[in-house]
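Everything below concerns the one structure shown next.
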Amino acid sequence: QVQLVESGGGSVRAGGSLRLSCAASGSIFRFDVMGWYHQAPGRQRELVAIITRGGITNYADSVKGRFTISRDNAKNTVYLDLNSLKPEDTAVYYCHARITYPAYDYWGQGTQVTVSS
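Using the numbering used here, the letters of the sequence shown correspond one by one to residues -6 to 110.
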């Protein structure tokens, strides 16, 4: 059973920084893609950033230049560095992992990020 456990959320002022971590049970090399999504109250869950097994990254336009996704295969952990935070970044951040074949998606329980102005 795959488990993804997020940590690192919290409350910061605008302009501040946080580092989110997503620790997987077992090797993250089995996942084709890992990423982070966020969901603000009353809104749908949205993609923030992804990283492939090969290390290719992609970001939502709203976070480009501010957030950085990375992975440490030895620690089975994916990170999201959040810099220059804005109040509109306030949301629950979820870790996601995907296996393409057979297709399956895994989700963490989420970690709250709150940015005050």
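Idealized CB from N, CA, C, for every residue including glycine. Computed from a predicted model, the values in this text were never measured in an experiment.
* Asked: What residue does the beta strand (DSSP E) around residue -1 start on, and which one ends it?
  -> -3 to 0
* To do: Rounded to whole angstroms, what's the CA-CA distance from residue 79 to residue 9? Just pull it up for me.
  => 8 Å
* Proximal residues to residue 63 (C-beta, below 6 Å), its chain only, five neighbours per side dropped -> 72
* To do: Identify whether residue 44 lies in helix, strand or coil by the three-state DSSP scheme.
  => Three-state result, residue 44: strand.
* Asked: Can you tell me where the beta strand (DSSP E) with residue 60 in it begins and where it stops?
  -> 60 to 65
* Please state whether DSSP places residue 25 in a helix, a strand or coil. => Annotated three-state conformation of residue 25 is coil, per DSSP.
* Integer-rounded CB distance, given that residue -5 should sit under 8 Å from residue 28 -> Residue 28 to residue -5, Cβ: 15 Å. No contact.
* How is the beta strand (DSSP E) around residue 12 delimited, first residue to last? -> 11 to 17
* Cα-Cα separation between residue 125 and residue 95, rounded to whole angstroms -> Absent from the model: residue 125. The displayed extent of the chain is -6 to 110, so no value can be given.
* Give the secondary structure of residue 54 by DSSP, where H, G and I count as helix, E and B as strand, and everything else as coil. => coil
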